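What follows is a short report on a single structure.
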């Protein structure tokens, strides 16, 4: 049972306050207003999720590349076949449709009901992880989705040693994609996952990423039934295989499974460039919602660089809020629901651009809520970086800046704007080496807007260790660009 947040007042109220330390940045929430999209404040229903201990690792970044390389994206995605629902403990069976009447029913006219009170933007919203619920019930943690920055349209450069793979689907008409072709091409690469253990049973989705039998999914799917759980993976054609965990990364809510004795005819998904997405682009979600394997839905990219936080209990140790996941997420209108976690978000030409992980839902007394057209996916570029490391070493490194910051407002030319204002700079860190100072207001990174501490956290976490980023700051009323090379986050 999830308790609701206080009713909103004309000034938006958050359900939690305090500091958050993630990726070397302490995000301290305050009541400053957003200048663009209204923030979403809620309790997150963690639907049968669990997180392992979020320790940093000293392993060097892996050079293993588990994914086919992708080339520039073509138009958008398609719907596919719906399989019978699998056994599902968290939901009642779907009733059979009533017998079709032989004649039209007589219309009944009712007196109009008084108008219902309209909900305002800012009413209670839930950011929920999307694995199907465990038999033991859900837990909850504070979560928040805030306004995002504008999209970047610069595609990542392709390595000359790794020529891009061909698109699975060639669309004839960019304005009217053939979703049937997209579904046919992508569905063999998306699997249904079932976990069973001491904490109960749960279901989710995953994506085949190589011929060796590695499946990328969410950490809260892979570890949702606690330590020692059994995992089975069902392919699109109905074949089921046992699986083990190759590696987990609670900080990004990603995990990689390995099929036991995988078949030789696996179809790895083709990974696209999530940095090349634009708002309004058509996409398709493919997964296993509510145990309905092979479900496809379509929508658009609603927003990019949307900072979203979720927290969950660790079912392996019974710890609440042991891991905070901050994602610079892709927001989509494609319908996704519990069980879609770990599934694919693809463009119309069949390229993976995101791993579906959470949704926003209007608050209710139910422990699980459904789609209202606001879903979130982990960008494929971030997912690929983490998955390569998990396959190679079983763990992942995370980028580190070395500052604490707070939400603030700064004079920027003739206007005011919100920013992440640096409170402290730790000595010997990338931030200190780059010359960042207390009081600097970070307003952009690599040209993408930063308007809060949380958006700075999310933007840093999306980067790779060793990458150079450009921070745009306002210092003493003037803008400056500061280049910073991110290092690996310290173990402590």
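Numbering (full-length UniProt numbering), first residue to last: 1 to 492. Just so it is clear, CB atoms sit at the ideal spot from N, CA and C, and this is done for glycine as well. On a predicted model such as this, the values are computed, not experimentally measured, just so you know.
- Return helix, strand or coil for residue 278, following the three-state DSSP convention. In this structure, residue 278 counts as coil in the three-state DSSP scheme.
- Query: Of all the options 178, 188 and 229, which has the alpha carbon lying nearest to the alpha carbon of residue 198?
  - Reply: Comparing C-alpha distances from residue 198 to each of 178, 188 and 229 shows the shortest one belongs to 229.
- Item | Whole-number beta carbon distance between residue 249 and residue 218, since they are thought to touch under 8 Å | Between residue 249 and residue 218 the Cβ distance is about 10 Å, and since that is not below 8 Å, they are no contact.
- Can you tell me whether DSSP reads residue 481 as helix, strand or coil? In the structure shown, residue 481 adopts extended strand secondary structure according to DSSP, grouped into three states.
- Minimum C-alpha distance to residue 462 - residue among 349, 360, 386 and 416: Ranking 349, 360, 386 and 416 by Cα distance to residue 462 puts 386 first.
- Residue range of the beta strand (DSSP E) that includes residue 407: Here the beta strand (DSSP E) through residue 407 covers 403 to 412.
- How about residue 270 and residue 345: are their beta carbons less than 7 Å apart? Not in contact: residue 270 and residue 345 (Cβ atoms no closer than 7 Å).
- Message: Quick check: the Cα distance between residue 257 and residue 469, rounded to an integer number of angstroms?
- Response: Cα-Cα distance, rounded: 32 Å.
- Rounded to whole angstroms, how far is the Cβ of residue 340 from the Cβ of residue 356, which I believe are closer than 8 Å? So it is a contact: roughly 5 Å between Cβ atoms.
- Task: Quick one: residues in its chain with C-beta nearer than 6 Å to the C-beta of residue 213, no 5 flanking neighbours on either side, listed in chain order?
- Result: Apart from sequence neighbours up to five positions away, the residues of its chain that approach residue 213 with a beta-carbon distance below 6 Å are 258, 259 and 262, ordered along the chain.
- Just the Cα atoms here: how many angstroms apart are residue 234 and residue 186? Those two C-alpha atoms are separated by around 15 Å.
- Task: Could you tell me the boundaries of the beta strand (DSSP E) in which residue 473 lies?
- Result: 468 to 475 is the extent of the beta strand (DSSP E) around residue 473.
- Message: Is it buried or exposed, residue 361, if we count other Cβ atoms within 10 angstroms and call 16 or more buried?
- Response: So residue 361 counts as buried.
- Item | Inter-residue spacing [alpha-carbon to alpha-carbon] between residue 203 and residue 292 | Cα-Cα distance, rounded: 10 Å.
- Simplified DSSP state of residue 214, which is helix, strand or coil: In the three-state DSSP reduction, residue 214 falls in the strand class (E or B).
- Beta-bridge partners of residue 330, as assigned by DSSP: For residue 330, which the question treats as bridged, DSSP gives the partners 377.
- Using three-state DSSP, classify residue 372 as helix, strand or coil. Note: residue 372 maps to coil in three-state DSSP.
- Query: Which runs of the beta strand (DSSP E), 3 residues or longer, sit entirely within the segment 224 to 257?
  - Reply: List check, beta strand (DSSP E) in window: 230 to 234 and 240 to 249.
- Message: Does residue 90 come out as helix, strand or coil in the three-state DSSP assignment?
- Response: Residue placement at residue 90 is poorly supported in this model, since its pLDDT is 34, which falls under 50; the coordinates still yield a value, given next. Per DSSP, reduced to three states, the secondary structure at residue 90 is coil, with no helix or strand assignment.
- Query: How many angstroms separate the CA atom of residue 483 from the CA atom of residue 466?
  - Reply: Rounded to the nearest angstrom, the two C-alpha atoms are 12 Å apart.
- Name the DSSP bridge partner or partners of residue 259? Its beta-bridge partners are 243.
- Would you please verify whether the beta carbon of residue 397 is less than 7 Å from any beta carbon of chain B? Of the chains in the structure shown, none is chain B; there is only one protein chain.
- Message: What does DSSP give as the partner residue(s) for residue 178 in the beta ladder?
- Response: Paired residue(s): none; residue 178 is not in a bridge.
- Presumed contact (8 Å Cβ cut-off) between residue 169 and residue 189, rounded CB distance: About 12 Å separates the Cβ atoms of residue 169 and residue 189, ruling out a contact at the 8 Å cut-off.
- When we look at the beta-carbon of residue 476 and count the other beta-carbons within 10 Å, is it buried (16 or more) or exposed? Flag for residue 476 reads exposed.
- Query: So, is residue 239 buried or exposed, given that buried needs 16 or more other C-beta atoms within 10 angstroms?
  - Reply: A residue is called buried once 16 or more other Cβ atoms fall within 10 Å of its Cβ, and residue 239, having fewer, is exposed.
- Assess, as a yes-or-no matter, whether the segment 274 to 281 is touched by the segment 408 to 428 under the definition of 3 or more beta carbon pairs within less than 8 Å. Contact fails: fewer than three Cβ-Cβ distances are below 8 Å.
- Query: If you draw a straight line from the C-alpha of residue 471 to the C-alpha of residue 454, how long is it?
  - Reply: Approximately 15 Å between the Cα atoms of the pair.
- Task: Determine the DSSP secondary structure at residue 388, reduced to helix, strand or coil.
- Result: In this structure, residue 388 counts as helix in the three-state DSSP scheme.
- Message: Residues in the same chain with beta-carbon distance under 6 Å from residue 375, minus the five sequence neighbours each way, listed in chain order, please.
- Response: 332, 336 and 359.
- Task: Look at the Cβ atom of residue 330, then the Cβ atom of residue 354, and state whether they are nearer than 7 Å.
- Result: Residue 354 sits close to residue 330, with the two beta carbons spaced by under 7 Å.
- Message: Counting beta carbon pairs with one atom in the segment 436 to 448 and one in the segment 396 to 412, are three or more of them shorter than 8 Å?
- Response: In short, these stretches touch, since the Cβ pair count reaches three.
- Query: Which two residues bound the contiguous alpha helix (DSSP H) that contains residue 456?
  - Reply: Unbroken alpha helix (DSSP H) run through residue 456: 453 to 461.
- Can you give the Cα-Cα distance for residue 176 and residue 459, rounded to whole angstroms? CA-to-CA, the gap between residue 176 and residue 459 works out to about 33 Å.
- Using a threshold of 7 Å, state whether the C-beta atoms of residue 501 and residue 407 are closer than that. Nothing about residue 501 can be read from this structure; the chain reaches only from 1 to 492.
- Coil, strand or helix - residue 307 by DSSP: Note: residue 307 maps to strand in three-state DSSP.
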